[in-house]
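Numbering (this note's numbering), first residue to last: 9 to 343.
Built from N, CA and C at the ideal position, the CB exists for glycine as well.
Note that this is a predicted model, so its numbers are computed, not measured.
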Amino acid sequence: MKRRNFIKKTSISSLSLVAASAMIGCKGSDDEKSEEKPIVPLKNNIKPLVIATWNTPTAVNAAAEVLESGGSALDAVEAGCKIEEANAKNQTVGIGGLPDRDGNVTLDACIMDDKGNYGAVLCVENIKHVISVARKVMEDTPHVILAGRGAEQFAVSQGFEREDLLTEASKKAWEEWKVKSEYKPIINIENHDTIGMLAIDKEGNISGACTTSGLAYKMRGRVGDSPVIGGGLFIDNEIGGAAATGLGEEVLKTVGSFLVVELMRQGKSPQEACEEAIKRIVSKPNSNYKNFQVGYIAVNKRGEIGGYSIHEWFSYNVYKEGANKNIKSDYYLKT
Ligand code: SD4
């Protein structure tokens, strides 16, 4: 057995299961007694599908093109995420990302395939396409995570070019921020355009990817949920996938994307699962959810989708049957 597979079979699955069962158990949810209902795919009716956080039509189109030409969900989510990483105007992903409080642009990304493999890079500087580096970690190393300088060196060894990721616009924004140097998570505008993307290919297989520059003006070395398995992303090809955006600290504390997938395993629809995962955050003692945003997207094996957030103004793009639409998410504070 390859070391990578060994690691996958032991550490990831057991750690994730421990974390999630602790969470699912501790709130005494209605689901505790419900039986697991397998989500049976609609046979012979598999249509390629892409869902991605925020208003990301170009990225979703790029992923859809891969799927429609018979490519894998894994290739599709990588291609889609690369669009935003190369988009200098998107100040929360790839080149042009807003820097940390010291002026360094640091990127986080992860990817998961339909076989349960996972790869991630954390806090990487000077490399734009971190989603592709994460895929290289998954496919070409015996590890699942590389961080910081080591991740950058690995990327360069794999042929990725170093470049300055701090654009003039982001530098200017940082200099303006420095006047007060005040960091507060601002609802929907930590310029939340982190892209989390889930796709189903013509074979009915599901993969996902997530890439971000994280919170603007964060502390040096800070890493959020986006590159962490079960936090910003989780895929179980038997059940479905989920991705998160928003204040990563809050997503991590509830292992949010893993929770959404486990709730779907218990029989919840993707929409119900996203809503329940948001409720876990807002119902914590002393939660100050009115001051931060979290949003989830999910898809199940049947191609049903869901999305939900705490505050208004979260949206997601969905490609299905030739149409690519931006859907405004339902949200907790509406009620
Ligand atoms: C983080 N979840 O680093 C990310 C930020 C994000 O859109 O989603 N931005 O906490």
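Residue range 323-328 is occupied by the beta strand (DSSP E) that includes lysine 328.
Beta bridge pairing from DSSP links leucine 206 with Ile59, Gly216.
Threonine 114 has its CB no nearer than 7 Å to any heavy atom of the ligand SD4.
Taking a cut-off of 8 Å on C-beta distances, the segment 86-105 touches the segment 126-140, as three or more cross pairs fall below it.
In the three-state DSSP reduction, serine 317 falls in the strand class (E or B).
Counting along the chain, no beta strand (DSSP E) covers threonine 66; the unbroken alpha helix (DSSP H) around it starts and ends at 65-76. Around serine 189, the same chain offers no residue with a beta carbon nearer than 6 Å, after the five sequence neighbours per side are excluded. Of the heavy atoms belonging to the ligand SD4, at least one sits nearer than 7 Å to the Cβ of threonine 253.
A residue is called buried once 16 or more other Cβ atoms fall within 10 Å of its Cβ, and methionine 146 is buried on that count. In the DSSP assignment, leucine 115 forms a beta bridge with Val132.
Closest in C-alpha terms to lysine 287, from the list Tyr339, Thr202, Glu93, comes Tyr339. Where phenylalanine 242 is concerned, the enclosing beta strand (DSSP E) starts and stops at 241-244.
Here tyrosine 340 carries a helix assignment [DSSP, helix/strand/coil]. Under the DSSP definition of a beta bridge, leucine 106 lacks any partner.
Comparing C-alpha distances from valine 132 to each of Asn95, Thr175, Ala217, Val231 shows the shortest one belongs to Val231.
For valine 302, the enclosing beta strand (DSSP E) stretches over residues 302-308. Rounded to the nearest angstrom, the gap between the Cα atoms of methionine 205 and proline 107 is 23 Å.
DSSP places leucine 271 in no beta strand (DSSP E) but in the uninterrupted alpha helix (DSSP H) bounded by 264-273.
Nearest Cα to serine 295 within the set Ala177, Glu320, Ala281, Lys261: Lys261. With respect to the 8 Å criterion, serine 215 and aspartate 121 are classified as neighbours on the basis of their beta carbons. In this structure tyrosine 324 is not in contact with alanine 250, their Cβ atoms being roughly 12 Å apart against a cut-off of 8 Å. Beta bridge pairing from DSSP links isoleucine 237 with Leu241. For aspartate 233, the Cβ falls inside the 7 Å cut-off from some heavy atom of the ligand SD4.
In this model, alanine 67 and proline 293 are separated by some 38 Å (Cα to Cα). Cβ-Cβ distances below 8 Å link glutamate 160 to Val132, Glu133, Asn134, Ile135, Arg170 in the same chain, with the five nearest sequence neighbours on each side left out; the list follows chain order.
Distances from the alpha-carbon of lysine 336 to those of Ile54, Ile313, Phe322 put Phe322 closest. Closest in alpha carbon position to serine 221, among Thr202, Ala207, Glu211, is Thr202.
A residue is called buried when at least 16 other Cβ atoms come within 10 angstroms of its Cβ; arginine 273 meets this threshold and is buried. Here the segment 181-188 does not lie against the segment 151-160, with fewer than 3 beta-carbon pairs under 8 Å apart. In this structure, DSSP gives methionine 227 a state outside helix and strand, which the three-state scheme calls coil. In this structure, Gln279 is the residue among Leu75, Val74, Gln279 with its C-alpha nearest to the C-alpha of tyrosine 316. According to DSSP, residue pairing for alanine 250 in a beta bridge involves Phe242, Ala306.
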